[in-house]
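Undergrad: Here it is, the structure, as structure tokens.
Number of protein chains: 2
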Amino acid sequence: MADSSSAQRIVAGLRTWILTAAPGAQLPSTRTLVAQYGASPVTVQKALRTLGSLGLVESRPGAGTFVRARSATRPHDYAWQTAALGAPRSIPPMSAALRAVPDDMIALHAGYPDRDLLPSRLVRAAFARAARSEAALSRSPAAGLPDLRAWFAAELGEAAPFGVAPPAPADVVILPGSQSGLSTAFRALVGPGQPLLMESPTYWGAILAAAQAGVQVIPVPSGSLGPDPAEVARAFESTGARAFYAQPTFANPTGAQWSRTRADQILETVRRYGAFLIEDDWAHDFGIAGTPEPLAARDDSGHVVYLRSLTKSVSPSVRVAGIIARGPARERLLADFQASSVYVSGVLQAAALDVVTQPAWQTHLRSLRGQLGTRRDLLVDALQEYAPLVQLDAVPRGGLNLWGRLPDATDVTRFARECENAGVRVAPGTEWFPAEQTGAYLRLNYSGPNPGSFAEGARIIGQTLEQHRQD
Amino acid sequence: MADSSSAQRIVAGLRTWILTAAPGAQLPSTRTLVAQYGASPVTVQKALRTLGSLGLVESRPGAGTFVRARSATRPHDYAWQTAALGAPRSIPPMSAALRAVPDDMIALHAGYPDRDLLPSRLVRAAFARAARSEAALSRSPAAGLPDLRAWFAAELGEAAPFGVAPPAPADVVILPGSQSGLSTAFRALVGPGQPLLMESPTYWGAILAAAQAGVQVIPVPSGSLGPDPAEVARAFESTGARAFYAQPTFANPTGAQWSRTRADQILETVRRYGAFLIEDDWAHDFGIAGTPEPLAARDDSGHVVYLRSLTKSVSPSVRVAGIIARGPARERLLADFQASSVYVSGVLQAAALDVVTQPAWQTHLRSLRGQLGTRRDLLVDALQEYAPLVQLDAVPRGGLNLWGRLPDATDVTRFARECENAGVRVAPGTEWFPAEQTGAYLRLNYSGPNPGSFAEGARIIGQTLEQHRQD
Chain A
1 MADSSSAQRI VAGLRTWILT AAPGAQLPST RTLVAQYGAS PVTVQKALRT LGSLGLVESR
61 PGAGTFVRAR SATRPHDYAW QTAALGAPRS IPPMSAALRA VPDDMIALHA GYPDRDLLPS
121 RLVRAAFARA ARSEAALSRS PAAGLPDLRA WFAAELGEAA PFGVAPPAPA DVVILPGSQS
181 GLSTAFRALV GPGQPLLMES PTYWGAILAA AQAGVQVIPV PSGSLGPDPA EVARAFESTG
241 ARAFYAQPTF ANPTGAQWSR TRADQILETV RRYGAFLIED DWAHDFGIAG TPEPLAARDD
301 SGHVVYLRSL TKSVSPSVRV AGIIARGPAR ERLLADFQAS SVYVSGVLQA AALDVVTQPA
361 WQTHLRSLRG QLGTRRDLLV DALQEYAPLV QLDAVPRGGL NLWGRLPDAT DVTRFARECE
421 NAGVRVAPGT EWFPAEQTGA YLRLNYSGPN PGSFAEGARI IGQTLEQHRQ D
Chain B
472 MADSSSAQRI VAGLRTWILT AAPGAQLPST RTLVAQYGAS PVTVQKALRT LGSLGLVESR
532 PGAGTFVRAR SATRPHDYAW QTAALGAPRS IPPMSAALRA VPDDMIALHA GYPDRDLLPS
592 RLVRAAFARA ARSEAALSRS PAAGLPDLRA WFAAELGEAA PFGVAPPAPA DVVILPGSQS
652 GLSTAFRALV GPGQPLLMES PTYWGAILAA AQAGVQVIPV PSGSLGPDPA EVARAFESTG
712 ARAFYAQPTF ANPTGAQWSR TRADQILETV RRYGAFLIED DWAHDFGIAG TPEPLAARDD
772 SGHVVYLRSL TKSVSPSVRV AGIIARGPAR ERLLADFQAS SVYVSGVLQA AALDVVTQPA
832 WQTHLRSLRG QLGTRRDLLV DALQEYAPLV QLDAVPRGGL NLWGRLPDAT DVTRFARECE
892 NAGVRVAPGT EWFPAEQTGA YLRLNYSGPN PGSFAEGARI IGQTLEQHRQ D
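As structure tokens, then:
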């Protein structure tokens with residue numbers, strides 16, 4: 001293997017050499033460089049490739065490596081692309097929740113659980129087994145590996161009450177992550193220009209996927225109890241929409257969990273309007289009090305299309321989700337997915353199935369629930385003590401986030417920037433609103449690195465808020 | 472680990488038991504089943520889960536497992552979905568090239584190289600290393616792992632002539648396979664309702680992606696030499712299109728490789744019309760005489776958008792492709808990709824990079840070229856001997872396919888079915904035409920399993936063709 005740090009050293013040395021060399025000058029031979037830097041030929045080759053990819057040198061097979069003409073001598077003009085591309089469609093920028101942070105920053109903004117909360121040992125062992133398995137060298141069937149489809153169907157089926165037919169493995173399509181699932185669901189079940197009801201606020205990834213699919217978003221107000229069924233009915237009635245995207249369990253960002261009564265009312269409304277409920281069960285593994293019951297388990301009429309991802313709870317590198325739908329909807333979803341992806345890597349599917357069928361996975365989930373509960377309480381307590389102006393409408397019973405309301409006049413974007421300057425990264429609530437925000441909110445994630453810093457984070461938020469109000 | 476065949480035996484036994492049991496009846500306990508079948512508790516649990524996923528039993532935690540009410544007592548009516556979904560958009564069905572075949576069938580239809588042609592040892596070792604690496608548990612940056620982006624840029628840059636600036640790593644976006652790349656390119660660079668030039672015939676996956684993106688396909692005739700530059704110019708002129716999708720090197724299905732002169736003329740035409748050439752270099756690793764030079768290497772004006780996948784040459788489970796674009800086009804591609812996928816699994820990226828940076832990868836490619844050459848010649852010779860009515864306009868110098876023309880009156884769909892009945896699967900050429908077919912064609916893949924059967928395959932094709940003509 002090439003040694004990365006040696007290669008970097010050679011790159012740095014040769015960059016200086018190149019700066020003073022004439023364009024077209026030949027670099028010392030690999031043999032000379034090996035001797036000069038005390039590195040292996042592989043490492044020298046790696047360094048030369050890096051210089052090549054930086055546009056500083058070019059290699060001519062059989063002749064050697066040469067200093068390139070400075071590309072700065074001819075600046076590129078891509079202005080013609082402006083006409084070829086036309087005006088951009090308005091796709092919102094990516095969420096701040098995806099930003100990486102320096103190590104010394106207290107990170108309350110993230111969307112993914114910290115490494116400490118992942119089943120690391122299980123994931124590594126699963127990938128190692130997948131590397132030796134048939135999956136490493138074969139093409140997965142289009143709809144996914146049969147055993148993994150059966151697992152998704154069985155998991156949902158376990159929650160089905162007596163008398164409701166559980167989904168069959170054939171009702172499952174495996175997708176490369178939930179974002180892909182949202183794109184496919186909105187394109188296949190709604191379509192460009194057609195109305196789609198969405199909670200407001202709701203998951204930014206869904207807002208993004210809706211914009212990309214070109215659907216017409218119809219926001220339905222939602223709070224710590226979920227949306228009002230009467231509002232849902234009015235939105236269906238007035239727009240003729242045939243689909244409602246929602247997160248009934250530990251919604252991102254509000255943490256709302258629909259009560260059984262509310263869920264039944266909304267399910268009934270969806271059925272009355274001959275519509276789909278696209279249930280995004282993103283936090284299925286993040287119930288603090290226990291595993292939540294999906295709405296989809298109580299529907300066998302094909303009205304609920306169920307999306308369940310393993311990426312956040314298993315590993316960010318296991319980009320695998322299942323979508324469960326019955327009837328013609330399933331055919332539409334599969335056709336759309338195939339046209340955009342053909343199939344999902346069998347290694348990812350085999351690794352996902354391996355992890356979730358280990359007995360240790362259940363042990364991990366129990367431990368995870370405890371840790372999430374502790375972390376949530378730590379952050380709630382810290383906010384109450386150090387940042388009492390941050391108002392929590394409810395303490396969520398699962399998920400990864402608190403949804404805190406700030407005093408009405410707060411400019412949340414500026415406030416988030418001020419927090420960052422003071423050493424805490426928070427996510428301004430604006431990203432979760434498909435329409436105008438109805439208040440000044442922060443989303444605070446309690447699954448990030450170093451929960452020991454939550455108290456300090458809350459103190460900085462509290463102080464910054466005091467200063468912000470005085471400005 | 473659960474034993475699959477034991478679990479199947481238990482499933483079979485219990486199915487019989489369930490058929491005669493009343494709905495709601497309790498199954499024997501796990502302990503009883505362990506004793507009865509002489510299997511481990513894990514195996515019994517696996518069997519019960521399978522029965523659960525089949526909808527035959529349900530488990531109630533703490534109580535046991537029970538026979539479900541027959542779902543057949545209430546057939547489902549999904550007819551309401553017909554109204555909710557509306558008329559389907561016309562997306563063509565998936566290609567026959569994706570179909571699996573029984574072991575005793577001679578397979579000349581496939582789109583993926585046989586296992587024998589993959590660098591199996593490298594792939595397994597790469598996945599094993601990725602399982603131990605940082606990539607197994609972390610989220611990849613949105614545009615891809617920096618080292619893999621640098622590799623894609625360097626590979627293309629190596630072919631750049633003196634004076635043409637090579638692409639930078641920042642110009643590369645990593646995608647989960649080339650189908651996803653086609654979808655993203657057509658959505659981001661063309662857009663719904665806008666014209667896109669495509670060769671006819673061309674890759675069925677591109678026809679599918681174009682239909683899904685809702686672009687207006689403008690077919691440009693292409694043959695064994697590639698498209699006529701004057702036809703390309705006329706198509707740009709008459710439609711106002713700003714993009715041309717093409718496979719300049721070993722096109723699928725024709726095998727055409729554009730001459731240097733033709734490539735320059737088409738590049739010049741593309742520039743004159745302020746357009747993009749979306750170069751799909753699908754067969755980069757399948758050059759029989761040597762590694763082909765992409766057109767993109769000779770363009771630094773941002774007109775060529777370059778798509779390069781590793782899935783077919785590394786492993787079907789390594790769903791990784793790179794798209795290289797400069798200027799605003801790259802931003803559009805990245806925004807579209809992120810909205811539909813967020814990022815590609817780091818394990819797949821790490822494994823791909825590991826394989827292609829091993830010295831053994833170059834050895835593998837050399838051996839692969841030799842094998843493809845031998846297989847191609849074997850199939851060409853067999854066709855000439857046993858199926859002289861199949862006319863090859865040219866013998867391709869790379870790629871995986873022969874494109875054979877049948878006598879004009881042949882009904883290729885029926886003919887393909889007749890071949891299949893006789894033991895050979897072939898792909899009817901119709902799937903590769905975005906417009907009407909201009910002749911009766913077969914695509915014959917020489918990279919499938921068991922080249923020893925090519926002669927027999929050709930003999931069956933020849934015989935079937937004789938019979939077909941006499942019918």
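Taken in sequence, the protein lines are chains A and B.
This note's numbering puts the first residue of the first sequence at 1, with every later residue one more than the last.
This note's numbering puts the first residue of the second sequence at 472, with every later residue one more than the last.
Virtual Cβ for every residue (Gly too), placed ideally from N, Cα, C.
Computed from a predicted model, the values in this text were never measured in an experiment.
On a Cα-Cα basis, can you pick out the residue from B/788, B/767, B/772, B/773 that is closest to residue 779 of chain B?
TA: Position 308 of the second sequence, counting from 1, holds the residue named residue 779 of chain B. Among B/788, B/767, B/772, B/773, the Cα nearest to that of residue 779 of chain B is on B/767.
Undergrad: Comparing C-alpha positions only, which one of B/730, B/716, B/708, B/756 sits nearest to residue 986 of chain B?
TA: This structure leaves residue 986 of chain B out entirely; chain B is present only between 472 and 942.
Undergrad: Suppose the cutoff is 7 Å on Cβ atoms and the five residues either side in sequence are ignored; what does the same chain contact list for residue 72 of chain A look like?
TA: Position 72 of the first sequence, counted from the start, is the residue given in the question as residue 72 of chain A. Because residue 72 of chain A carries a pLDDT of 47, less than 50, the predicted location of this residue cannot be relied on, and the following value inherits that uncertainty. Cβ neighbours of residue 72 of chain A beyond the five flanking positions: none.
Undergrad: What are the residues in the segment 545–571 of chain B lying within 9 Å of chain A by C-beta distance?
TA: Of all residues in the segment 545–571 of chain B, 545, 547, 548, 549, 550, 551, 552, 553, 554, 555, 556, 557, 559, 560, 562, 563, 564, 565, 569, 571 have a Cβ within less than 9 Å of some Cβ in chain A.
Undergrad: Candidates A/213, A/265, A/250, A/249: which alpha carbon is nearest residue 231 of chain A's?
TA: Stepping through the first sequence from its first residue, residue 231 of chain A is reached at position 231. For the residues A/213, A/265, A/250, A/249, the minimum Cα distance to residue 231 of chain A belongs to A/265.
Undergrad: What number of angstroms, rounded off, separates the C-alpha of residue 1 of chain A from the C-alpha of residue 846 of chain B?
TA: Taking the first residue of the first sequence as position 1, residue 1 of chain A is located at position 1. Taking the first residue of the second sequence as position 1, residue 846 of chain B is located at position 375. Legend: pLDDT at residue 1 of chain A = 48, less than 50; position of this residue unreliable, value from coordinates given subsequently. Rounded to whole angstroms, residue 1 of chain A to residue 846 of chain B spans 34 Å at the Cα level.
Undergrad: Decide if residue 395 of chain A is buried, meaning its Cβ has at least 16 other Cβ atoms within 10 Å, or exposed.
TA: For this step, residue 395 of chain A is matched to residue 395 along the first sequence. Under this definition residue 395 of chain A is an exposed residue.
Undergrad: Buried or exposed for residue 502 of chain B, going by 16 or more other Cβ atoms inside 10 Å?
TA: The residue labelled residue 502 of chain B in the question sits at position 31 within the second sequence. When all chains shown are included, residue 502 of chain B counts as exposed.
Undergrad: Considering only C-alpha positions, which residue in the set A/26, A/212, A/97, A/37 is nearest to residue 62 of chain A?
TA: Within the first sequence, residue 62 of chain A is the residue found at index 62, counting from 1. Taking only the C-alpha atoms, the option nearest residue 62 of chain A is A/26.
Undergrad: With a threshold of 7 Å between beta-carbons, can residue 652 of chain B be considered close to chain A, or not?
TA: Numbered from 1 along the second sequence, position 181 holds the residue referred to as residue 652 of chain B. Chain A, which has no Cβ nearer than 7 Å to the Cβ of residue 652 of chain B, makes this no.
Undergrad: Give me whichever residues DSSP pairs with residue 530 of chain B in a beta bridge.
TA: Residue 530 of chain B sits at position 59 when you count from the first residue of the second sequence. DSSP lists B/536 as partners of residue 530 of chain B.
Undergrad: If the cut is a Cβ gap below 7 Å, which residues of chain B does residue 472 of chain A touch?
TA: Since the first and last residues shown for chain A are 1 and 471, residue 472 of chain A lies out of range.
Undergrad: Can you give the Cα-Cα distance for residue 414 of chain A and residue 536 of chain B, rounded to whole angstroms?
TA: Against the first sequence, residue 414 of chain A aligns to sequence position 414. Against the second sequence, residue 536 of chain B aligns to sequence position 65. So the two alpha carbons sit approximately 57 Å from each other.
Undergrad: Does the CB of residue 429 of chain A have a neighbour CB from chain B at under 7 Å?
TA: Here residue 429 of chain A refers to the residue found at position 429 when the first sequence is read from its first residue. Output row for residue 429 of chain A: interface = no.
Undergrad: Anything in chain A within Cβ reach of residue 633 of chain B, meaning under 9 Å, just list it in chain order.
TA: By 1-based counting over the second sequence, the position of residue 633 of chain B is 162. By Cβ distance, chain A contributes 24, 58, 60, 66, 68, 69.
Undergrad: Would you say residue 316 of chain A lies against chain B (beta-carbon separation less than 7 Å)?
TA: As a working note, residue 316 of chain A is residue 316 in the first sequence. By this cut-off, residue 316 of chain A is an interface position.
Undergrad: Can you give the beta carbon distance from residue 334 of chain A to residue 173 of chain A, rounded, assuming they're within the 8 Å contact cut?
TA: To locate residue 334 of chain A, count along the first sequence from 1; it is residue 334. To locate residue 173 of chain A, count along the first sequence from 1; it is residue 173. So it is a contact: roughly 5 Å between Cβ atoms.
Undergrad: How many whole angstroms separate the CB atoms of residue 11 of chain A and residue 47 of chain A, which I take to be in contact at a CB cut-off of 8 Å?
TA: Indexing the first sequence from 1 puts residue 11 of chain A at position 11. Indexing the first sequence from 1 puts residue 47 of chain A at position 47. Between residue 47 of chain A and residue 11 of chain A the Cβ distance is about 5 Å, and since that is below 8 Å, they are a contact.
Undergrad: Name the two residues that bound the continuous beta strand (DSSP E) containing residue 445 of chain A.
TA: Counted from its first residue, the first sequence places residue 445 of chain A at position 445. It spans 441–445 - the beta strand (DSSP E) in which residue 445 of chain A sits, taken as one unbroken run.
Undergrad: In terms of residues, what are the limits of the alpha helix (DSSP H) holding residue 717 of chain B?
TA: Residue mapping note: residue 717 of chain B aligns to position 246 of the second sequence, counting from 1. First-last for residue 717 of chain B: 714–717, but that is the beta strand (DSSP E), not the alpha helix (DSSP H).
Undergrad: Could you give the DSSP three-state label for residue 227 of chain A: helix, strand or coil?
TA: The sequence position of residue 227 of chain A within the first sequence is 227, counting from 1. Here residue 227 of chain A sits in strand by DSSP.
Undergrad: Closer than 8 Å, Cβ to any Cβ of chain A: which residues of the segment 876–904 of chain B, in chain order?
TA: Here the close residues number zero.
Undergrad: For a test of the three-state rule: what should DSSP assign to residue 421 of chain A, helix, strand or coil?
TA: Position 421 of the first sequence holds residue 421 of chain A. Three-state result, residue 421 of chain A: helix.
Undergrad: When the Cα of residue 897 of chain B is compared with those of B/551, B/570, B/692, B/488, which residue comes out closest?
TA: Counting from 1 along the second sequence, the entry for residue 897 of chain B is found at position 426. Closest option to residue 897 of chain B, Cα to Cα, is B/570.
Undergrad: For residue 750 of chain B, which three-state DSSP category applies?
TA: Residue 750 of chain B sits at position 279 when you count from the first residue of the second sequence. Of the three classes helix, strand and coil, the one that applies to residue 750 of chain B here is strand, per DSSP.
Undergrad: Starting from residue 847 of chain B and walking both ways along the alpha helix (DSSP H), at which residues does that stretch end?
TA: Your numbering for residue 847 of chain B matches position 376 in the second sequence. Unbroken alpha helix (DSSP H) run through residue 847 of chain B: 830–857.
Undergrad: Which ranges would you report for the beta strand (DSSP E) in the segment 763–813 of chain B if only whole runs of at least 3 residues count?
TA: Segments of the beta strand (DSSP E) lying fully in the segment 763–813 of chain B: 775–780, 792–795.
Undergrad: Cα-Cα, which of A/455, A/170, A/409, A/444 is closest to residue 466 of chain A?
TA: The count along the first sequence starts at 1 and reaches residue 466 of chain A at position 466. Of A/455, A/170, A/409, A/444, the residue nearest in Cα terms is A/409.
Undergrad: Spell out the partners DSSP gives residue 287 of chain A in its beta bridges.
TA: Indexing the first sequence from 1 puts residue 287 of chain A at position 287. For residue 287 of chain A, which the question treats as bridged, DSSP gives the partners A/398.
Undergrad: Would you give the residue range spanned by the alpha helix (DSSP H) that residue 200 of chain A belongs to?
TA: In the first sequence, the residue the question calls residue 200 of chain A occupies position 200. No alpha helix (DSSP H) holds residue 200 of chain A; the beta strand (DSSP E) holding it covers 195–200.
Undergrad: Nearest-angstrom Cα distance between residue 579 of chain B and residue 916 of chain B?
TA: For the purposes of this step, residue 579 of chain B is taken as residue 108 along the second sequence, with counting starting at 1. For the purposes of this step, residue 916 of chain B is taken as residue 445 along the second sequence, with counting starting at 1. Rounded to whole angstroms, residue 579 of chain B to residue 916 of chain B spans 5 Å at the Cα level.
Undergrad: With DSSP collapsed to three states, give me the class of residue 652 of chain B.
TA: For the purposes of this step, residue 652 of chain B is identified with residue 181 of the second sequence, where counting begins at 1. Helix at residue 652 of chain B.
Undergrad: For residue 941 of chain B, which of B/506, B/878, B/693, B/493 has the nearest alpha-carbon?
TA: Here residue 941 of chain B is taken as the residue at index 470 of the second sequence, counted from 1. Among B/506, B/878, B/693, B/493, the Cα nearest to that of residue 941 of chain B belongs to B/878.
Undergrad: For residue 274 of chain A, collect the residues of the same chain with a Cβ closer than 8 Å to its Cβ; drop the 5 residues on either side in sequence, then sort them by chain order.
TA: Sequence index remark: in the first sequence, residue 274 of chain A carries index 274 (1-based). Cβ neighbours of residue 274 of chain A beyond the five flanking positions: 242.
Undergrad: Would you list the one or two residues that DSSP bridges to residue 392 of chain A?
TA: In the first sequence, counting from the first residue as 1, residue 392 of chain A sits at position 392. Paired residues: A/404.
Undergrad: Which residue's Cα is closest to the Cα of residue 441 of chain A: A/201, A/155, A/19?
TA: Indexing the first sequence from 1 puts residue 441 of chain A at position 441. Selected option, being the one with the closest Cα: A/201.
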